[in-house]
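**Q** The sequence shown begins at 47 in our numbering and counts up by one.
Handing you this structure, nothing more for now.
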Amino acid sequence: MWERFSEKARRAIFFAQEEAGRRGYSVVGTEHLLLGLLQDTEATACKLLKRLSVDLDDLRARLVANMPPSGAAQTRDMQLSANAKRSIDLAYAEARELHSNLIGTEHLLVGLAKNDRGVAGSILLDLGVSAARITRELRGLCQSHNHDTTSEDTLEIPDNLRGRDLTGIDDLTPEEVGQVLDLSVRLKSRSLEQQLAHPILPGKSLAMIFEKPSLRTRVTFEVGMAQLGGHAIYLAPQDIGLGKRESVHDVAKNLERWVHGIMARTFKHSTVTELAKHAGIPVINGLSDLEHPCQALADFLTIREKKGTLRGLKLAYLGDGFNTAHSFMLLGAKVGAHVSVATPEGYEPNTVIINKTLKVAEMTGSTLRVTTNPFEAAEGADVIYTDVWASMGQEEEHEKRVPIFTPYQVNEKILGVAKPDVIVMHPLPAHRGEEITDEVIDGPHSVVFDEAENRLHAQKAIMALLM
């Protein structure tokens with residue numbers, strides 16, 4: 047939950063918990079949340095209140111008067127009251143309305159003001175501070191980009207990756223992986239208004255070559271280019287006839303004259319590498335039969351958000367040792383994680399990829415284990431990852447594969463051997479009831495939709511760095 051909050055908003059909630067505990071309260075109420083917001087007078091919430099002519103000391107005194115000591119001080123983690131939770135929900139809705147990826151102190155203030163059932167809302171209303179007034183002031187601040195959930199107006203984009211290709215994870219050093227993930231976080235924290243006011247790729251175009259369809263790849267690249275100030279062009283199989291009506295060489299040579307980058311989602315990995323060989327502009331692998339690097343970078347962005355770190359984590363991959371597994375293994379090794387892959391016999395990862403992963407692992411302190419035992423792979427895991435058992439283009443093998451892969455299904459039983467706080471990942475689309483059960487994909491351990499969202503942010507970072 048808290049990864050959705052800006053640093054200042056998280057700090058305000060910490061102050062609220064501290065204040066409630068110090069006064070002996072068993073839960074954090076709206077009055078404690080508002081008192082927490084007043085701790086940082088440079089935060090946007092306080093700036094808004096001052097713009098509305100609110101005396102912060104007077105407001106603080108009113109809040110304290112409404113929270114007499116309630117017993118012995120509490121030292122355990124404080125939970126939110128029902129009213130405080132409602133205010134958080136209203137803050138989240140306000141952030142979405144303003145197209146902000148993070149909830150800032152400004153959104154918390156609006157949430158508290160909108161919740162007239164809470165003590166904070168009542169006190170604000172007594173002072174003439176309605177949610178409507180705060181929202182009007184907030185929209186004015188958003189236009190000047192002067193609020194908590196944005197970074198500095200302009201981002202300094204490193205140029206060491208400019209003009210490079212991303213055909214696979216091996217194209218990035220461990221340090222460059224860190225650059226991509228760090229920039230992803232910074233881009234994710236910026237409001238839509240700020241992104242459009244300070245575009246990173248103004249006027250640039252991305253050609254998107256699709257030999258196979260995709261919901262996530264198409265939408266996230268198109269939206270990502272728009273948010274970066276550029277434009278994406280969708281090229282369906284019938285638009286090009288890649289390698290049939292026109293050679294890969296000639297397509298690459300044409301596109302480099304018109305656009306600034308190429309994203310290719312292909313059946314054969316050789317198509318991606320041939321495009322990269324002949325095009326004088328960056329080529330990004332949107333998926334091939336060997337790797338899925340954009341997915342892996344989004345995956346590890348999600349893992350870092352949820353776990354706070356990557357190094358030393360145990361990551362378990364269960365299922366087909368195919369393209370997604372390859373990128374997952376390689377990236378796990380690059381970041382110093384310990385990767386276990388469990389596949390049926392005959393469906394192991396590509397030997398070349400295994401050897402590359404082991405070589406990287408020697409340098410980073412990572413480990414790789416490939417086994418046929420799913421419970422062995424999942425034991426003590428921080429992350430369990432799965433994917434479809436038959437990828438696009440392998441549909442004729444589906445019926446044959448189901449009984450072979452059934453022991454590798456991610457279900458409650460397999461979660462039982464992992465760590466209690468294990469997270470479950472899937473790149474989607476999922477075949478519910480096959481590689482993963484409804485109970486797991488919709489359960490508390492699942493982060494699949496956060497993972498899907500992060501395709502947008504990771505790919506924006508990739509494009510910003512390469513193009």
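All C-beta atoms in this analysis are idealised placements derived from N, C-alpha and C, irrespective of residue type, glycine included.
From a predicted model like this one, the values you see are computed outputs, not experimental measurements.
Among residues of its own chain, excluding the 5 on either side of GLU65, which ones have a beta-carbon nearer than 7 Å to its beta-carbon?
**A** Closer than 7 Å at Cβ, skipping near neighbours: HIS78, LEU81, GLY82.
**Q** May I have a chain-ordered list of the alpha helix (DSSP H) segments no shorter than 4 residues that lie completely inside the segment 299 to 347?
**A** Counting whole runs of 4 or more residues, the segment 299 to 347 contains the alpha helix (DSSP H) stretches 315 to 324.
**Q** Is the closest heavy atom of the ligand FAD to the C-beta of ILE215 under 7 Å?
**A** No copy of the ligand FAD appears in this structure; indeed no ligand is present at all.
**Q** Tell me the residue span of the alpha helix (DSSP H) that contains ARG415.
**A** No alpha helix (DSSP H) contains ARG415, which is instead part of the beta strand (DSSP E) from 413 to 417.
**Q** Express the C-alpha separation of MET254 and LYS290 in angstroms, rounding to a whole number.
**A** So the alpha carbons of these two residues sit roughly 18 Å apart.
**Q** Quick one, are the C-beta atoms of LEU184 and VAL156 less than 8 Å apart?
**A** Going by C-beta atoms, LEU184 is nearer than 8 Å to VAL156.
**Q** First and last residue of the alpha helix (DSSP H) that includes SER133?
**A** Counting along the chain, the alpha helix (DSSP H) containing SER133 begins and ends at 128 to 143.
**Q** On a Cα-Cα basis, can you pick out the residue from MET309, ALA272, THR266 that is closest to ALA282?
**A** It is MET309.
**Q** Assuming PRO204 and LEU511 are in contact, meaning their beta carbons sit under 8 Å apart, how far apart are those beta carbons, in whole angstroms?
**A** About 7 Å; that satisfies the 8 Å criterion.
**Q** Look at the Cβ atom of MET513, then the Cβ atom of PRO328, and state whether they are nearer than 8 Å.
**A** Yes.
**Q** Please list, in chain order, all residues of the same chain as GLU302 whose beta carbon is under 6 Å from its beta carbon, the five residues on each side excluded.
**A** Same-chain partners within the cutoff: ALA325, GLY326, ILE327.
**Q** Helix, strand or coil for TYR454? Go by DSSP, reduced to three states.
**A** Reduced to three states, the DSSP call for TYR454 is helix.
**Q** Note down, one range per segment and in chain order, each alpha helix (DSSP H) of at least 4 residues found wholly within the segment 236 to 287.
**A** List check, alpha helix (DSSP H) in window: 238 to 243, 261 to 273, 283 to 286.
**Q** Counting along the chain, where does the beta strand (DSSP E) carrying SER386 start and finish?
**A** Counting along the chain, the beta strand (DSSP E) containing SER386 begins and ends at 384 to 388.
**Q** Quick one: what does DSSP say THR370 is sitting in, helix, strand or coil?
**A** Looking at THR370 - three-state DSSP - the assignment turns out to be helix.
**Q** Check whether the Cβ of THR355 lies closer than 8 Å to any Cβ atom in chain D.
**A** Absent from the structure: chain D. Only one protein chain is present.
**Q** Tell me, which residues are paired with LEU212 by DSSP?
**A** ILE330.
**Q** Going by alpha carbons, who is nearest to ASP296 out of GLU202, ARG350, ALA322?
**A** Of the listed residues, the one whose Cα sits closest to ASP296 is ALA322.
**Q** Under the three-state reduction of DSSP, which class applies to SER230: helix, strand or coil?
**A** Correct three-state label for SER230: helix.
**Q** Just to confirm the assignment, what range does the beta strand (DSSP E) spanning ALA427 have?
**A** Element bounds for ALA427: n/a, residue is neither H nor E.
**Q** Ordered along the chain, which non-local residues of its own chain (more than five positions away) have a Cβ less than 6 Å from that of LEU343?
**A** Closer than 6 Å at Cβ, skipping near neighbours: VAL226, ALA504.
**Q** When burial is assigned at 16 or more other CB atoms within 10 Å of the CB, is SER516 buried or exposed?
**A** Shown here, the chain extends from 47 to 513; a query on residue 516 therefore has no answer.
**Q** Please state the DSSP three-state secondary structure of THR195.
**A** Unreliable positioning characterises THR195 in this predicted model, as indicated by a pLDDT of 49, which lies under 50. A coordinate reading is not provided.
**Q** In the structure shown, what three-state DSSP assignment does ILE482 receive?
**A** Residue state, collapsed to three classes: strand.
**Q** DSSP three-state call for ALA436: helix, strand or coil?
**A** ALA436: coil per DSSP, three-state reduction.
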